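Chemist: Sharing a structure below in structure tokens format, with a few things to ask.
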Amino acid sequence: MRILALLPIVLFAHPLLGQYDPRPDLDSGRFLKCLSDAENRIRQDPADAMAWAAKSQALSALMRFDEANAAAQKSLELKGDFADGLLARGLSRAGTAMQQRNLGSLRGASLAMDDFRAATRADPNLASAWMSLGLAFEQLPGLLGGSTKKALACAENLRKASPSRGDLLQGMVLSMDGRWSDAKGYFQRALSTAPSDPEIVYGYLDSLGSRVTRKAIGEGPQRAQLASEAMRLLPSVKGRARGLQAICDALLDGGKPEESWTIAHGSLQRCDLPSLMKVQLGKIAARASIHREEGLVFLDQALFEPLEGGTGGVATVQWRRGQILKDLNRHDEAKTAAQAALRADAKHPGARRLLDDLN
Numbered sequence: 119m120r121i122l123a124l125l126p127i128v129l130f131a132h133p134l135l136g137q138y139d140p141r142p143d144l145d146s147g148r149f150l151k152c153l154s155d156a157e158n159r160i161r162q163d164p165a166d167a168m169a170w171a172a173k174s175q176a177l178s179a180l181m182r183f184d185e186a187n188a189a190a191q192k193s194l195e196l197k198g199d200f201a202d203g204l205l206a207r208g209l210s211r212a213g214t215a216m217q218q219r220n221l222g223s224l225r226g227a228s229l230a231m232d233d234f235r236a237a238t239r240a241d242p243n244l245a246s247a248w249m250s251l252g253l254a255f256e257q258l259p260g261l262l263g264g265s266t267k268k269a270l271a272c273a274e275n276l277r278k279a280s281p282s283r284g285d286l287l288q289g290m291v292l293s294m295d296g297r298w299s300d301a302k303g304y305f306q307r308a309l310s311t312a313p314s315d316p317e318i319v320y321g322y323l324d325s326l327g328s329r330v331t332r333k334a335i336g337e338g339p340q341r342a343q344l345a346s347e348a349m350r351l352l353p354s355v356k357g358r359a360r361g362l363q364a365i366c367d368a369l370l371d372g373g374k375p376e377e378s379w380t381i382a383h384g385s386l387q388r389c390d391l392p393s394l395m396k397v398q399l400g401k402i403a404a405r406a407s408i409h410r411e412e413g414l415v416f417l418d419q420a421l422f423e424p425l426e427g428g429t430g431g432v433a434t435v436q437w438r439r440g441q442i443l444k445d446l447n448r449h450d451e452a453k454t455a456a457q458a459a460l461r462a463d464a465k466h467p468g469a470r471r472l473l474d475d476l477n
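Position one of the sequence shown corresponds to residue 119 (the working numbering), numbered consecutively onward.
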């Protein structure tokens, strides 16, 4: 589910010295920082509901959903009907459902949507709750309450709190509904309003590169637009790894793997989330079969460093390692990597396919 893909400096000190507000870090994808700040805050005050909610949201981004759910429950025990706590529980439930990948996971996804809905009622200005609810409405089947009409209503409500994010959500919903010609204008308006917002760059390029959009505009035009739009938007993202990740993916899908590698490699020393770019380099090496030895080195480094949210976690890193090792004819090591990926995520589809190919 794309919900997880879309998750000022916090004054982290004594409350008298400044208000604790983790939302900017969460919105910007600084999940390891947010987790550290929240845990420090909890050590100072175990009854801080906001810190527990922030910890939960950061853990969900890091794919640690059981811990995230426990932290969210703690937040809600301390402060019932707390919007950030409800959002946190919804994200943990959505992540768990995504990992389960079975019929039972639909129940978890439905409960997550209930939490998102409750969060928007508790705080109509909580932008990330409207974003999560809108994506849930669009992606869940009608029997569980899914509805494009309701998803678009969420975009309208989100626009009141954040005009650019509201336009982003509307563009994403319309593109998922197969209406790319209608979606384009909303994406362009979002980019015009907030050109340096990496989440908007990511959402736009991810939607442009989707299978639904390919069906709407054709494979050739899609590839050409991905490559040209990636280069057009590159200057706006500067050192923001989340935006750079989207640029590199678009170039990769647009048939420009060497350009994708060059941009990712050149950003390592000056981006805000280096682990994200190391995993991105491994992804490029695995998918395009270029710079495989170097890509493997970056993935090995990522395994021994704190992995930021958006990397896909240990399972994805090991899967990419396995793909490269297989291409290098190091099949025993590839099998070990695939097995490690499945230990981290027992239903990881890529790792399962890789292991089946190696057996």
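Backbone N, C-alpha and C define an ideal beta-carbon position, used for all residues, glycine too. None of the values given here were measured: they were computed from a predicted structure.
Within 10 angstroms of the Cβ of L473, are there 16 or more other Cβ atoms? Answer buried if so, exposed if not.
Modeler: Translated into positions along the sequence shown, residue 473 becomes position 355. Under this definition L473 is a buried residue.
Chemist: From L326, Q340 and T429, pick the residue whose C-alpha is nearest to that of L399; which is it?
Modeler: Position 281 of the sequence shown holds residue 399. Nearest of L326, Q340 and T429 to L399, Cα basis: T429.
Chemist: Along the chain, where does the alpha helix (DSSP H) containing R448 start, and where does it finish?
Modeler: In the sequence shown, residue 448 corresponds to position 330, counting from 1. Looking at the DSSP string, R448 is not in any alpha helix (DSSP H), and its letter there is neither H nor E.
Chemist: If we ignore side chains and look at the alpha-carbon of each, how far apart do K302 and L323 end up?
Modeler: Numbered from 1 along the sequence shown, position 184 holds the residue referred to as residue 302. Numbered from 1 along the sequence shown, position 205 holds the residue referred to as residue 323. C-alpha separation (whole angstroms): 11 Å.
Chemist: Since S378 contacts G357 with CB under 8 Å, what's their CB separation in whole angstroms?
Modeler: Locating residue 378 in the sequence shown gives position 260, where the first residue counts as 1. Locating residue 357 in the sequence shown gives position 239, where the first residue counts as 1. About 17 Å separates the two Cβ atoms, so there is no contact after all.
Chemist: Compute the minimum distance between the beta carbon of A206 and the heavy atoms of the ligand SAH, and state whether it is under 6 Å.
Modeler: The ligand SAH is not among the ligands present in this structure, which contains no ligands whatsoever.
Chemist: Where in the stretch 388-464 do unbroken runs of the alpha helix (DSSP H), each at least 4 residues long, occur, reported from the N-terminal end onward?
Modeler: Listed in chain order, they are 392-406, 410-421, 431-445 and 449-462.
Chemist: Kindly confirm or deny that the stretch 158-174 and the stretch 340-350 touch, where touching means at least three C-beta pairs closer than 8 Å.
Modeler: Too few Cβ pairs lie closer than 8 Å, so no.
Chemist: Kindly list the residues whose CB is nearer than 6 Å to the CB of F305, restricted to its own chain and excluding five residues on each side of it in sequence; keep chain order.
Modeler: Here residue 305 is taken as the residue at index 187 of the sequence shown, counted from 1. Within the same chain, F305 has close Cβ partners G289 and Y322.
Chemist: Just checking my contact of A234 with S210 at CB under 8 Å: how many whole Å lie between their CB atoms?
Modeler: Here residue 234 corresponds to residue number 116 of the sequence shown, with the count starting at 1. Here residue 210 corresponds to residue number 92 of the sequence shown, with the count starting at 1. The sequence given here places Phe at residue 234; Ala does not occur at that position. About 12 Å separates the two Cβ atoms, so there is no contact after all.
Chemist: Would you please state the rounded distance, in angstroms, between the beta carbons of G147 and L362? I believe it to be under 8 Å.
Modeler: Position 29 of the sequence shown holds residue 147. Position 244 of the sequence shown holds residue 362. Their Cβ separation, rounded to whole angstroms, is 12 Å, which puts G147 and L362 out of contact at 8 Å.
Chemist: Could you give the distance in angstroms between the alpha-carbon of L89 and the alpha-carbon of T434?
Modeler: Residue 89 cannot be examined here, being either before or after the span of the chain that is shown, 119 to 477.
Chemist: If we cut at 7 Å on Cβ distances, does W379 have a partner in chain D?
Modeler: Among the chains of the structure shown, chain D does not appear; only one protein chain is present.
Chemist: Express the C-alpha separation of D145 and A245 in angstroms, rounding to a whole number.
Modeler: For the purposes of this step, residue 245 is taken as residue 127 along the sequence shown, with counting starting at 1. For the purposes of this step, residue 145 is taken as residue 27 along the sequence shown, with counting starting at 1. When rounded, the distance between both Cα atoms is 9 Å.
Chemist: Taking the alpha helix (DSSP H) that N243 belongs to, which residues open and close that run?
Modeler: Numbered from 1 along the sequence shown, position 125 holds the residue referred to as residue 243. No alpha helix (DSSP H) holds N243; DSSP gives it neither H nor E.
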